[in-house]
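Here's the structure we're looking at; comments come further down.
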Amino acid sequence: MLIYAAAAQWFINMITLVVQSRKRKRREAITYAPIDERDMMRREYFDNKIWKNDTTCVNMLRFRREPFFRFCQLFRDRNLLKDTIHLTIEQQVAMFLHTVGHNIRNMVIGANFGRFGEVVSRYFQRVLHAIGDLRDDLIRKPSLETQTKIEGNYRWDPYFKDCIGAIDGTHVRASVTPDMEASFRGRKTYATQNVMAAVDFDLRFTYVLAGWEGTAHDALVLRDALERENGLRVPQGKFYLVDAGYGAKRGFLPPFRGVRYHLNEWGNNPVQNERELFNLRHSSLRVTVECAFGSLKRRFKILDDATPFFLFPTQVDIVVACCIIHNWVINDGIDEYIIPEDEWLPNITHASSSSGQAHEHAYMVNFRQGVADQMWEDRQNHLQGQNM
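The sequence shown begins at 1 in full-length UniProt numbering and counts up one residue at a time.
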């Protein structure tokens, strides 16, 4: 027993000596201090090339300075992004906005901002995820009150008093694997994704569904939006204005088919009947969603420029993120990237609403005809009153 006890004590002593020896040899962890000279150059770049004045900031980031810094503060307050020793939240968001605003590759962003490409890519994904977390806050359901644009306007009130917005689809360039290109290449020679969105008459996006193939029909995309668990919902008694491709159904009011519709088709030719009058006023109100799409692509060239260089799931998230940012900008009023409706000339690629025909429900068909008849009667009475 004494021998065993002595052997055990010797073994313990040897282990203790080895551990203490290793502790003495272990180097203390190095805490890196700021790289003053490089960080100073980076700050100077932001001060001179981005935050110098509102004009420069808008050109670089598609944001004025005041809403940009409030946007960054929102991430800080919500703990969605964090400052690092070499990269503030403002710099992280600025790199993201510069990328989506100009469709610039990571290596160029890295050269401009003095960062490695891996750093640019990593923080792009962080900012994209953080913006996605703001979706429920910034893409909100439309008001159930009569829209300000409609209320009191003889062209739309009371005929569209229960209209809560307009829905349309647009094509956004997509980059997919070769085996998927056929389903993503519709009328264009390149692959696109079909993006459906609902917009209120203040140009705010109230619902966005991105990611469908470019060949998908509008009615199919709408059905998917309605069937999703947290998808599009139309309150009882309300409706959206839609293109003819969606079909007339409860909650969705399209124009009459076979009757001139788009504003550039009218010229100086006056309306001839109740259906033409309805289509003219329907088009003049629904143009809001086209203005929203046009303004979105005007601000973010990544949606309307060369083929994207991100994986497709990221491309889908970028579309939604751009809509979220658009709504944040709208909260501060109209800026230079928002196209006024009186200056709007359609120049965006719409989803394929003209091909095929969606099933139309009798209720909305009759409702549409009733609205058209009432419009025409009121117009005729007004003209007769002027001639008396």
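By construction, the Cβ of each residue, glycine as well, lies at the ideal position given by its N, Cα and C atoms.
If you ignore the 5 residues before and after Tyr261, its C-beta comes within less than 6 Å of the C-beta of Pro255, Asn279, Ser283, all in its own chain and listed in chain order. Excluding the 5 residues flanking it on each side, Gly132 has same chain C-beta neighbours closer than 8 Å at Asp317, Val320, Ala321, Ile324, in chain order. Between the segment 184 to 193 and the segment 96 to 103 there are fewer than three C-beta pairs closer than 8 Å, too few to call the two in contact. Within the same chain, Ser183, Gly186 come within 6 Å of Thr215 by CB-CB distance, once the 5 residues on both sides are set aside. Per DSSP, reduced to three states, the secondary structure at Ala216 is coil, with no helix or strand assignment. Of the residues Pro67, Tyr240, Leu17, the one whose Cα lies closest to the Cα of Arg286 is Tyr240. When the five nearest sequence neighbours on each side are left out, the beta carbons in the same chain lying within less than 6 Å of the beta carbon of Val234 are those of Gly251, in order along the chain.
Three or more beta-carbon pairs separated by less than 8 Å link the segment 193 to 212 to the segment 129 to 147, which places the two stretches in contact. One Cα belongs to Leu222, the other to Ala198, and the distance between them is close to 11 Å.
Looking at the backbone, the Cα of Thr55 and that of Lys301 are separated by about 18 Å. The beta carbon of Gly237 lies closer than 8 Å to those of Asp162 in the same chain, with the five residues before and after it left out. Counting the other CB atoms within 10 Å of its CB gives His382 a total below 16, which places it among the exposed residues.
Close CB contacts of Glu151 within its chain, under the 8 Å cut and outside five residues either way in sequence, are with Asp157, Lys161 (chain order).
Only buried fits Asn327, as 16 or more other CB atoms lie within 10 angstroms of its CB. In the displayed model, Arg173 falls within a strand according to three-state DSSP. Within the same chain, and ignoring the five residues on either side of Asp304 in sequence, the residues whose Cβ sits closer than 6 Å to its Cβ are Lys297. Nearest to Gly258 by alpha-carbon distance, out of Pro270, Asp243, Lys249, Asn268, is Asp243. In terms of CA proximity to Ala210, Ala174 leads the group Glu377, Ala174, Gln125. Remark: C-beta atoms of Val127 and Leu81 approach each other more closely than 8 Å. Boundaries for Gln236: no beta strand (DSSP E) harbours it, and the DSSP string shows neither H nor E there. The beta strand (DSSP E) runs lying completely inside the segment 298 to 336 and spanning 3 residues or more number zero. Asn331 and Leu134 have their C-alpha atoms roughly 14 Å apart. Separation of Lys49 and Arg42 (C-alpha to C-alpha, rounded to the nearest whole angstrom) is 10 Å. Counting other Cβ atoms within 10 Å of its Cβ, Met40 stays below 16 and is therefore classed as exposed. By the 16-neighbour rule on beta-carbons within 10 angstroms, Ile334 is exposed. The beta carbon of Val271 sits closer than 7 Å to the beta carbons of Leu277, Leu280 from its chain, once the five residues preceding and following it are set aside; these are given in chain order.
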